[in-house]
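**Q**
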Amino acid sequence: MQELFGKVDNLECFTHPKFNEKFKFMNEEQSINLARKVLEEFLKSSYKQIVVIESGTSPLISIIKKLEEYKKSNLNLMQIKIPRDLDFNLYKWFETYLSEEEFYSREKSLKKACEKFNLEEFISKEKFSIYDSIKDNKVYSQENKKFQEILKGTKLYEIFTNPFLIFDEYINAGTIIRNFNGIVRLFTDNPQFKLSAYCMFLDNPENYKKIAFTIYDNSTELEAYRNGAYPFENRIDLIEYYYFISKDNFQKVYLKDLKIGLENFNNNEFYNLLNEKISKNSILNKLKENLEENQVREYVSNNDIIRYLLKYLDEKVYGKNRISDFFDQVFELYAPSWSPMPVIFHLDYWNGFSKIQKDIENIASEILEDYKTYRLSILREAIESLEMNNKIWKEKIEGMI
Numbered sequence: 001m002q003e004l005f006g007k008v009d010n011l012e013c014f015t016h017p018k019f020n021e022k023f024k025f026m027n028e029e030q031s032i033n034l035a036r037k038v039l040e041e042f043l044k045s046s047y048k049q050i051v052v053i054e055s056g057t058s059p060l061i062s063i064i065k066k067l068e069e070y071k072k073s074n075l076n077l078m079q080i081k082i083p084r085d086l087d088f089n090l091y092k093w094f095e096t097y098l099s100e101e102e103f104y105s106r107e108k109s110l111k112k113a114c115e116k117f118n119l120e121e122f123i124s125k126e127k128f129s130i131y132d133s134i135k136d137n138k139v140y141s142q143e144n145k146k147f148q149e150i151l152k153g154t155k156l157y158e159i160f161t162n163p164f165l166i167f168d169e170y171i172n173a174g175t176i177i178r179n180f181n182g183i184v185r186l187f188t189d190n191p192q193f194k195l196s197a198y199c200m201f202l203d204n205p206e207n208y209k210k211i212a213f214t215i216y217d218n219s220t221e222l223e224a225y226r227n228g229a230y231p232f233e234n235r236i237d238l239i240e241y242y243y244f245i246s247k248d249n250f251q252k253v254y255l256k257d258l259k260i261g262l263e264n265f266n267n268n269e270f271y272n273l274l275n276e277k278i279s280k281n282s283i284l285n286k287l288k289e290n291l292e293e294n295q296v297r298e299y300v301s302n303n304d305i306i307r308y309l310l311k312y313l314d315e316k317v318y319g320k321n322r323i324s325d326f327f328d329q330v331f332e333l334y335a336p337s338w339s340p341m342p343v344i345f346h347l348d349y350w351n352g353f354s355k356i357q358k359d360i361e362n363i364a365s366e367i368l369e370d371y372k373t374y375r376l377s378i379l380r381e382a383i384e385s386l387e388m389n390n391k392i393w394k395e396k397i398e399g400m401i
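Going by the working numbering, the final residue of the sequence shown carries number 401, and the count climbs one at a time with no gaps.
(1) Give the secondary structure of Glu233 by DSSP, where H, G and I count as helix, E and B as strand, and everything else as coil.
(2) For a quick check, are the C-beta atoms of Leu258 and Phe326 less than 8 Å apart?
(3) In chain order, what are the residue ranges of uninterrupted alpha helix (DSSP H) at least 4 long that sit wholly in the region 288-315?
(4) To the nearest angstrom, report how far apart Glu41 and Glu223 are at their CA atoms.
(5) Determine the direct distance from the alpha carbon of Glu158 to that of Ser339, and round the result to whole angstroms.
(6) Our contact map puts Tyr318 next to Ile360 with C-beta atoms below 8 Å; I'd like the distance itself, whole angstroms only.
(7) I need the straight-line Cα distance from Asn181 to Asn285, nearest angstrom please.
(8) Just verifying my parser: in three-state terms, what is the DSSP assignment at Ala197?
(9) DSSP state of Val51, grouped into three classes?
(10) Report the three-state DSSP secondary structure of Asn404 (helix, strand or coil).
(11) With H, G and I counted as helix, E and B as strand and the rest as coil, what does DSSP make of Ile159?
(12) Using a Cβ-Cβ cutoff of less than 7 Å, which residues in the same chain neighbour Leu39 once the five nearest sequence positions on both sides are dropped?
(13) Rounded to the nearest angstrom, what separates Asn275 and Asn302 at their Cα positions?
(14) How about Leu195 and Ile171: do their beta carbons lie closer than 8 Å?
(15) Tell me where the alpha helix (DSSP H) around Asp257 begins and ends.
(16) Can you tell me the Cα-Cα spacing of Asn187 and Ser377, whole angstroms?
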């Protein structure tokens, strides 16, 4: 069952309905060329402090850091996760990004401030566009003042109260930038930064003073895809870690740390059982019947259902935890690509599974005890397969730089 967690190919089989073309992700040589281009733009921007939005940028940044031009520069790259959903644990976010000394000297005051603070209300629930996020004209409440006092003297405070450049792979709807606009106000009322990206989905970026550079925009979208689509979005295997985020958690989880002490069985017996249950209950046919996009219908297989079952089973048995979240990340890894394919492909994939939830629950109820037996062995197999993807990729990159 190696293909269950093997090579990622969630783009080349699809034809883009708008451009009526098939696309490929950048290969290693193209990825290195992109890294050189982005580094060149960093240097041209004259900013010394670059704040990089995680996590799809991480493999690209790892290439940049290997380049001689970077090693000779005095750039400071700081990577930071800005969650898309605002109901995450802000206190744990501070714990992640402040140094141990900085955090523990402020622990009580931060905890008290976070308990009384609603980040979603502070940032706003109003509708917005990418243009609103870039302009950043929102008037914020004064609730941020207590955070600014608490955070004075931290490294993050120093970074956010001086000029810096933001970099992200895609700036599409503007959600992450909107959220960052609010979070940075917990450090300063007047952040001085500009935006940069691999691709911003807007018109005439040169008209916005807030934009330092974008390599592609609406007018060059097709060119971007033809030159090789950005290859690192959702690539937990190449990123090597993920963020476990919930109302109670904000934790950076490295795949290698999940592997400690895991069992090592032959999992084929369990996979055979799953395939038998899927076939007996015609789950694949039911999934296809509930998909609206023909190309997504042709794409799905038993493997997609098994990966969905793994994340469902784990949360069902053990609650929301780092491992169930890992299996969710793996499920997303093999889902139809977000970009450059239309968002509707990925959403249709999600919706298809939601419509057969009863069937998933029925199968899950029959195999709960089997799953408990094989859980840690499957986790080991999944991580080792993803690590092999990473090893092959790294060796190719190293051989070309």
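Ideal Cβ positions, reconstructed from N, Cα and C, are used throughout, including at glycine.
**A** Looking at the atomic coordinates:
(1) Within the sequence shown, numbered from 1, the residue matching residue 233 stands at position 233. Glu233: coil per DSSP, three-state reduction.
(2) As a first step, residue 258 is located in the sequence shown; it is residue number 258 there, counting from the start. As a first step, residue 326 is located in the sequence shown; it is residue number 326 there, counting from the start. Yes. Within cutoff.
(3) 294-299
(4) Sequence index remark: in the sequence shown, residue 41 carries index 41 (1-based). Sequence index remark: in the sequence shown, residue 223 carries index 223 (1-based). If I take the Cα positions, the gap works out to 19 Å.
(5) Here residue 339 refers to the residue found at position 339 when the sequence shown is read from its first residue. Here residue 158 refers to the residue found at position 158 when the sequence shown is read from its first residue. Each residue's Cα considered, the two are about 35 Å apart.
(6) Translated into the one-based positions of the sequence shown, residue 318 becomes position 318. Translated into the one-based positions of the sequence shown, residue 360 becomes position 360. Between Ile360 and Tyr318 the Cβ distance is about 17 Å, and since that is not below 8 Å, they are no contact.
(7) Numbered from its first residue, the sequence shown carries residue 181 at position 181. Numbered from its first residue, the sequence shown carries residue 285 at position 285. A direct Cα-Cα distance of roughly 45 Å separates Asn181 from Asn285.
(8) Position 197 of the sequence shown, counting from 1, holds the residue named residue 197. In this structure, Ala197 counts as strand in the three-state DSSP scheme.
(9) In the sequence shown, the residue the question calls residue 51 occupies position 51. Val51 falls in the strand class under three-state DSSP.
(10) Absent from the model: residue 404. The displayed extent of the chain is 1 to 401, so no value can be given.
(11) Position 159 of the sequence shown holds residue 159. DSSP places Ile159 in helix when its eight states are reduced to three.
(12) Numbered from its first residue, the sequence shown carries residue 39 at position 39. For Leu39, where only same-chain residues beyond five positions count, the Cβ hits under 7 Å are Ile64, Leu67, Glu69, Tyr70.
(13) Position 275 of the sequence shown, counted from the first residue, corresponds to residue 275. Position 302 of the sequence shown, counted from the first residue, corresponds to residue 302. Cα to Cα, the separation comes out at about 7 Å.
(14) Counted from its first residue, the sequence shown places residue 195 at position 195. Counted from its first residue, the sequence shown places residue 171 at position 171. A contact, by the Cβ cut-off of 8 Å.
(15) In the sequence shown, the residue the question calls residue 257 occupies position 257. Looking at the DSSP string, the run of the alpha helix (DSSP H) that includes Asp257 is 255-258.
(16) Taking the first residue of the sequence shown as 1, we reach residue 187 at position 187. Taking the first residue of the sequence shown as 1, we reach residue 377 at position 377. According to the sequence displayed, residue 187 carries Phe and not Asn. So the alpha carbons of these two residues sit roughly 44 Å apart.
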